[in-house]
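K.L.:
Here it is: the structure, laid out below.
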Amino acid sequence: MGLLFQLVAVLLVARGISGYCFAKSETHRENAFVEPDGSVKVTNYCEYKAKILFPGDTARFPDECISCTCEDWGLSCCGYGSSAGVISVQGCKQIKGPNCSYLLVKESDPTKDCFTGQSIVG
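Those letters in the sequence shown? Residues -19 to -1, 1 to 103, by mature numbering (1 follows the signal peptide of the UniProt record, and there is no 0).
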């Protein structure tokens, strides 16, 4: 019930929510190789942080809290969790928590939960 209350409260008092996505065409690569029959085959792929993705593949990069999908033209990435965007609630601020989570805390006392007023420390 507490989580539902917090979600409803955020939706009622949120001043704004902004998203975070980006695209990188420079991550697109082509690899050409000769088949045993002599024909040339070209394979498209994307490369990001030494990870190879083929068109249609999706991978998460938890160090940045982003999820990327390889498209025919390049890489399309969007944030998730704490990198999904900024939630703006009057009197509160967003801080990064563990595992790409985020917390909304009081601006006047960042050790207190924005909605319950309970301590988030310890």
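Don't be surprised by glycine CBs; every beta carbon is placed ideally from N, CA and C. Since the structure is predicted, the reported quantities are computational estimates derived from the model, not experimental observations.
1) Take E7 as the anchor and find which of D38, S48, S57, Y1 has the nearest alpha-carbon.
2) Report the residue ranges of all beta strand (DSSP E) runs contained in full by the segment 29 to 69; include only those spanning at least 3 residues, in chain order.
3) With a Cβ-Cβ cutoff of 8 Å, do K22 and G55 count as a contact?
4) Where A13 and G37 are concerned, what is the direct C-alpha to C-alpha distance, given to the nearest angstrom?
5) So, at 7 Å on beta carbons, what are the nonlocal neighbours of Y29 in its own chain, with the 5 sequence-adjacent residues on each side left out?
6) Below 8 Å between beta carbons: does that hold for G60 and C46?
7) S82 and S100 look like a contact to me (Cβ under 8 Å); what is the Cβ gap, rounded to whole Å?
P.N.:
Looking at the coordinates:
1) Position 26 of the sequence shown, counted from the first residue, corresponds to residue 7. In this structure, S57 is the residue among D38, S48, S57, Y1 with its C-alpha nearest to the C-alpha of E7.
2) 32 to 34, 39 to 42, 47 to 51, 56 to 60
3) If you number the sequence shown from 1, residue 22 lands on position 41. If you number the sequence shown from 1, residue 55 lands on position 74. The answer is no: Cβ separation not under 8 Å.
4) Looking up residue 13 in the sequence shown gives position 32. Looking up residue 37 in the sequence shown gives position 56. The alpha-carbon atoms of A13 and G37 are separated by roughly 19 Å.
5) Taking the first residue of the sequence shown as 1, we reach residue 29 at position 48. For Y29, where only same-chain residues beyond five positions count, the Cβ hits under 7 Å are T8, C49, L56.
6) In the sequence shown, counting from the first residue as 1, residue 60 sits at position 79. In the sequence shown, counting from the first residue as 1, residue 46 sits at position 65. With respect to C46, G60 sits close: the two C-beta atoms are nearer than 8 Å.
7) Locating residue 82 in the sequence shown gives position 101, where the first residue counts as 1. Locating residue 100 in the sequence shown gives position 119, where the first residue counts as 1. Distance from S82 to S100 at the Cβ level is roughly 17 Å; contact not present, criterion being Cβ atoms closer than 8 Å.
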